[in-house]
Amino acid sequence: MMAALLALSAVSGCGKDKGGSGDTAASGGTENEEGGAEKQYRVALVVNQKFGDKASMDDLAKGADKAAEDFGVEIAKLESAEASRFEEDVRAMSEEGYDLIVTTYPYMTDATKLVSQEFPDTKYAAVFQTINDGDTTLDNVWDTEFHGEGAFYLGGYIAGKLTRSDHVGFVVGGEEPTPNAEGNGFMLGVKAANPDATVEFSYVGSYEDPAKAKEIASAMITAGCDVIQTDSGASNAGVVEACKEAGILCAGEISDYWDAYEGFYGIEGIGFGDTVYKAIEMLLDGKYSGGEHGIRDLTNGGYFMDWDSFNRFADANDEYGETMKEAIKEAQDLEKQIMDGSLEVPFDTEVPSWDRIKAQ
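Below, the structure is given as structure tokens:
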């Protein structure tokens, strides 16, 4: 435990990100009647993976840092990278008196549920988790579910337009409902853009195994893929490396590999940092959504298409530039339809299968 606590980093905040807006009157402390600072709010971000992944963990940290910068809250960050430590680490932060404790992903759900009931006066934000599901309601927990099928439908549409071999790959970190829905949404997008295409799909089995991800991507390239979409956290690095070595195109979620690889053509953003920011904002406003389960998707900032990254590729790449510009325009029209509800992409959590999608 001492080693875990030594891993904490308290910051005043210095990150700039899509993690949230600073247009608010919320502040990091309350004032007494004389106007003096009465309370300094403290927030602990306890994550189940390592920071420095250029993906979701770093995005969570940026959202927390932006809230620290905007509101003056104190932020502590703790890597709880082993399942055996989840409960112990969440409880340690609760005992330290943090006002809000943010935990990540379904792996930490059991620990969050248990410890939050031991500390009813502490607020908890369960990112990418389902706790308040109808059978259970915890008044001090706000949990959020992420539905990325809409964003990845658009990513699939663009991939279907870019491929010249009519062979596209999709690499996912782990077999879970939301990544499955993202894979199925991606396949539907490819089908809409290019019904003659084929989509290869594979799980890495980890969000922190670039070597395995590179192996999978290399096999897809050998099978004929000339465009690969990756959705695998820190494992993305292996997919990008394989695509760079083979000279094919690659896109990813959250992380930007453009500086290392000019064939990296776009990013589907996920609002993990934005969710942390909103949780802190609600805490300071005294309007914490405890006992509620939220769904975050393309329509409310849970996901977003980083169109700047796609346009950057279009402007810089002579070979694919015109095709990309046309694909962006068409995909943005589809995005408007998803936003207004005229185009519905199903939250299909079955294991992604191109044969099944193509037959629909």
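Under our numbering, the residues of the sequence shown are numbered 1 to 360, in order.
Cβ coordinates follow ideal geometry from the N, Cα and C atoms, glycine included.
All of these numbers come straight from a predicted model, not from anything done at the bench.
For residue i, the first and last residue of its enclosing alpha helix (DSSP H)
| i | result |
| --- | --- |
| residue 310 | 307-316 |
| residue 276 | 272-285 |
| residue 188 | 177-193 |
| residue 90 | 86-95 |
| residue 64 | 56-71 |
| residue 116 | 109-118 |
| residue 149 | 149-162 |
| residue 357 | 354-359 |
Selected residue, minimal CA-CA separation from residue i, among the options
| i | options | result |
| --- | --- | --- |
| residue 309 | 345, 350, 122 and 255 | 255 |
| residue 71 | 197, 303 and 277 | 277 |
| residue 137 | 206, 284 and 292 | 292 |
| residue 132 | 150, 109, 121 and 151 | 109 |
| residue 50 | 209, 113, 67 and 120 | 209 |
| residue 174 | 223, 127 and 236 | 236 |
| residue 302 | 185, 341, 151 and 225 | 151 |
| residue 53 | 94, 80 and 233 | 233 |
| residue 299 | 148, 88, 260 and 224 | 148 |
| residue 296 | 139, 339, 87 and 83 | 339 |
| residue 123 | 227, 316 and 280 | 280 |
| residue 55 | 116, 207 and 77 | 207 |
| residue 315 | 263, 286 and 130 | 263 |
| residue 199 | 211, 257, 213 and 220 | 220 |
| residue 94 | 341, 111, 246 and 84 | 111 |
| residue 224 | 247, 213 and 212 | 247 |
| residue 227 | 113, 88, 78 and 186 | 186 |
| residue 118 | 323, 92 and 130 | 92 |
Counterpart residues of residue i in DSSP-defined beta bridges
| i | result |
| --- | --- |
| residue 144 | 127 and 294 |
| residue 249 | 227 |
| residue 240 | Its beta-bridge partners do not exist; DSSP assigns none. |
| residue 303 | 270 |
| residue 203 | 172 |
| residue 222 | Residue 222 pairs with nothing; no bridge assigned. |
| residue 198 | 167 |
| residue 264 | 250 |
Residues near residue i in its chain [Cβ-Cβ closer than 6 angstroms; skip 5 each side]
| i | result |
| --- | --- |
| residue 107 | 48 |
| residue 306 | 267 and 269 |
| residue 265 | 249, 251 and 313 |
| residue 304 | 269 |
| residue 75 | 11, 43, 64 and 68 |
| residue 105 | 48 and 128 |
| residue 218 | 242 |
| residue 19 | Confidence in residue 19 is poor, its pLDDT being 36 and thus under 50, which makes the residue's placement unreliable; the coordinate value appears in the next sentence. So the list reads 62, 63, 66, 273, 274 and 277, once near-sequence residues are dropped. |
| residue 59 | 254, 272 and 273 |
| residue 230 | 171, 236, 239 and 252 |
| residue 331 | 154, 157 and 158 |
| residue 57 | 47, 49 and 51 |
| residue 244 | 261 |
| residue 125 | 102, 142 and 279 |
Sequence-distant residues of the same chain with beta carbon closer than 7 angstroms to residue i, five excluded per side
| i | result |
| --- | --- |
| residue 188 | 153, 156, 345 and 357 |
| residue 183 | 170, 172, 201 and 352 |
| residue 349 | 177, 180 and 181 |
| residue 359 | none |
| residue 36 | Since pLDDT at residue 36 reaches only 46, below the 50 mark, its modelled position is unreliable, and the value read off the structure follows with that caveat. Here the set comprises nothing. |
| residue 320 | 162 |
| residue 343 | 334 and 337 |
| residue 257 | 240 and 264 |
| residue 347 | 147, 149 and 181 |
Delimiting residues of the beta strand (DSSP E) encompassing residue i
| i | result |
| --- | --- |
| residue 44 | 42-47 |
| residue 362 | Because the chain spans 1 through 360 in this model, residue 362 falls outside it and cannot be assessed. |
| residue 76 | 74-79 |
| residue 100 | 100-104 |
Chain-order list of residues whose beta-carbon lies under 8 angstroms from that of residue i (same chain, five-residue window excluded)
| i | result |
| --- | --- |
| residue 160 | 168, 189, 190, 191, 192, 193, 194 and 197 |
| residue 27 | Legend: pLDDT at residue 27 = 43, less than 50; position of this residue unreliable, no value from coordinates given. |
| residue 294 | 142, 143, 144 and 145 |
| residue 282 | 142, 288 and 289 |
| residue 114 | 87 |
| residue 139 | 120, 290 and 291 |
### Query
So, do the stretch 271-285 and the stretch 52-68 have three or more beta carbon pairs nearer to each other than 8 angstroms?
Taking 8 angstroms as the limit for Cβ pairs, the verdict is that the stretch 52-68 does touch the stretch 271-285.
### Task
For the stretch 91-107 and the stretch 41-55, state whether three or more C-beta atom pairs, one from each stretch, are separated by less than 8 angstroms.
Pairwise C-beta distances place the stretch 91-107 in contact with the stretch 41-55, as three or more of them are shorter than 8 angstroms.
### Message
Would you call the stretch 198-208 in contact with the stretch 137-148, where contact means no fewer than 3 C-beta pairs closer than 8 angstroms?
### Response
The stretch 198-208 is not in contact with the stretch 137-148.
### Query
Per the contact definition of three or more C-beta pairs closer than 8 angstroms, is the stretch 163-178 in contact with the stretch 325-339?
Three or more beta-carbon pairs separated by less than 8 angstroms are not found between the stretch 325-339 and the stretch 163-178, which leaves the two stretches without contact.
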